[in-house]
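Asker: Residue numbers (my numbering), protein chains in the order written: chain A, 3 to 146; chain B, 3 to 146.
Let me give you the structure first, and then I'll get to my questions.
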DNA sequence: CAACAATCGAGACTCAGTCGCAATAAGCTC
DNA sequence: GAGCTTATTGCGACTGAGTCTCGATTGTTG
């Protein structure tokens, strides 16, 4: 994912392309693995990007609404984000380095039909997150 | 789920059966739908159960470690809990009233094998939460 | 019942996330 | 490109969930 992809999405959705948003797009695009709002705040402060705390949160809201970024709920309870394609999918997240891969629908669509029949609930949304070790981290020693 | 089930689990795991824990067990057992830590704090204050804020959080930690209670991450970003059986399963949560049902493994186990082969990750854990309307809420008007 | 360790409550504290508002600047129009 | 409109920003105060500390309490075991 590169920065223009993000700014384009903002533009197409009718949002203004401001300097702070460009800076954040850059930051997010070049980030490796998942990041927290605080990561962005800290980094943009350190690099004097002139992006305030509130703006980081506001931008993450917008971006996640556009589907350019998605919020993960880590097993630790923390909130993190990953850049991703705006289509239905799920994330496989490395619990060591935080890098993630997207996987498709995996037949969950049909599964949810079965669950509706079994429980009587009408399923509207679901969340599936998978955690484990990526190939690199496994080779690096976690693979025991 | 009833209160003894919860206190038994505590006892078997070697935890002391204190008055605050019994009170919380009672509260949780009789709760309808999901609840937040704050719900418990507020209720126990209102009913003068003499259970402090810190104790509620500490107890929820213990109980969720024992698998008697599970933490949900609602789409809103809030944290909630539900009482449940300590076995691998997933929750179907009503987005209107908060009541939830447990569903089994659903073939996710095999699915995760397929994902491992496709991505190279070694999957350790996953989280699947389904949100929708329960039969009662659907009948009550949400069923449009 | 005594002794020890686990647990508790109160309240201070931390820290993520929100809010209100005056200042700024994108983007449109001419 | 100047001017106008309005979305957006930064600041700083605020909120509220969750944690920590510590002296007091209370299960539990023998």
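Quick reminder that beta carbons are idealized off the backbone N, C-alpha and C, glycines included.
These numbers were taken from a predicted model, which means no experiment stands behind them.
Taking 8 Å as the CB-CB cut-off, is residue 99(B) touching chain A?
Answerer: It does not: the Cβ of residue 99(B) has no partner Cβ on chain A nearer than 8 Å.
Asker: Comparing C-alpha positions only, which one of 127(B), 115(B) and 84(B) sits nearest to residue 2(B)?
Answerer: One cannot answer for residue 2(B) here, as it falls past the ends of chain B, which runs 3 to 146.
Asker: What residues in its chain sit with their C-beta under 8 Å from that of residue 25(B), if we drop five residues either side in the sequence?
Answerer: If we look at residue 25(B) and ignore the five residues flanking it on each side, its Cβ neighbours are 46, 51, 52 and 53.
Asker: Can you give me the C-alpha to C-alpha distance between residue 135(B) and residue 49(A), rounded to a whole angstrom?
Answerer: When rounded, the distance between both Cα atoms is 46 Å.
Asker: Counting only Cβ pairs nearer than 7 Å, list the residues of chain B close to residue 127(A).
Answerer: Within 7 Å Cβ-Cβ: 77 and 133.
Asker: Using a Cβ cut-off of 8 Å (strictly closer), state whether residue 71(B) contacts chain A.
Answerer: With 8 Å as the cut-off, residue 71(B) does not count as an interface residue toward chain A.
Asker: Of the residues 90(B), 59(B) and 88(B), which one's Cα is nearest the Cα of residue 81(B)?
Answerer: The shortest Cα separation from residue 81(B) among 90(B), 59(B) and 88(B) belongs to 59(B).
Asker: Just the chain B side, please: which residues come within less than 9 Å of residue 136(A) by C-beta, in chain order?
Answerer: Here the neighbours are 121, 122, 123 and 124.
Asker: With a cut-off of 8 Å, does the C-beta of residue 30(A) fall near any C-beta of chain B?
Answerer: Cβ-Cβ to chain B under 8 Å: no for residue 30(A).
Asker: Residue 8(B) to residue 131(A), Cα distance in whole Å?
Answerer: Their Cα atoms are separated by approximately 28 Å.
Asker: Kindly indicate which residue of 69(B), 72(B), 73(B) and 40(B) has the alpha-carbon position closest to the one of residue 57(B).
Answerer: Here the closest residue by C-alpha is 40(B).
Asker: Specify, as a first and last residue, the run of the alpha helix (DSSP H) that residue 80(A) falls within.
Answerer: Taken as a continuous stretch (DSSP letters only), residue 80(A) belongs to no alpha helix (DSSP H), as it is neither H nor E.
Asker: Let me check one thing: in DSSP terms, what residues is residue 121(B) bridge-paired to?
Answerer: Partner(s): none; residue 121(B) has no beta bridge.
Asker: Taking 8 Å as the threshold (beta carbon to beta carbon), is residue 48(B) in contact with chain A?
Answerer: No, because no Cβ of chain A sits closer than 8 Å to the Cβ of residue 48(B).
Asker: Is the beta carbon of residue 23(A) less than 8 Å from the beta carbon of residue 61(A)?
Answerer: Taking 8 Å as the Cβ cut-off, residue 23(A) and residue 61(A) qualify as a contacting pair.
Asker: Could you tell me which chain B residues have their CB closer than 8 Å to the CB of residue 113(A), listed as they occur along the chain?
Answerer: 108 and 109, listed in chain order.
Asker: If I follow the unbroken beta strand (DSSP E) through residue 73(A), where does it start and stop?
Answerer: Where residue 73(A) is concerned, the enclosing beta strand (DSSP E) stretches over 71-75.
Asker: Counting Cβ pairs closer than 8 Å, one from the segment 31-38 of chain B and one from the segment 10-18 of chain B, do we hit at least three?
Answerer: No, because fewer than three Cβ pairs between the segment 31-38 of chain B and the segment 10-18 of chain B fall closer than 8 Å, the two stretches do not touch.
Asker: So that I know if they touch, is there some Cβ in chain A lying closer than 8 Å to that of residue 51(B)?
Answerer: Chain A contact via Cβ: absent.
Asker: Out of curiosity, what's the CA-to-CA distance linking residue 94(B) and residue 102(B)?
Answerer: So the alpha carbons of these two residues sit roughly 5 Å apart.
Asker: Just to confirm my understanding: we take residue 91(A), look at its own chain, exclude 5 residues before and 5 after, and list those with CB closer than 8 Å. What are they?
Answerer: If we look at residue 91(A) and ignore the five residues flanking it on each side, its Cβ neighbours are 104, 105, 106 and 107.
Asker: Can you tell me which of 138(A), 97(A), 142(A) and 110(A) puts its alpha carbon nearest to the alpha carbon of residue 76(A)?
Answerer: Out of 138(A), 97(A), 142(A) and 110(A), 97(A) has the C-alpha closest to the C-alpha of residue 76(A).
Asker: In chain B, which residues lie with their C-beta within 8 Å of the C-beta of residue 94(A)?
Answerer: Residues of chain B passing the Cβ test: 117, 121, 123 and 125.
Asker: Residue 95(B) by DSSP, collapsed to three states: which one?
Answerer: Strand at residue 95(B).
Asker: Please tell me whether residue 60(A) has its Cβ less than 8 Å away from any Cβ of chain B.
Answerer: Judged by the 8 Å Cβ criterion, residue 60(A) is not in contact with chain B.
Asker: With residue 66(B) as the anchor, note down where its alpha helix (DSSP H) starts and where it stops.
Answerer: Element bounds for residue 66(B): 55-68.
Asker: So who's on the other strand from residue 105(A), going by DSSP bridges?
Answerer: DSSP lists 92(A) as partners of residue 105(A).
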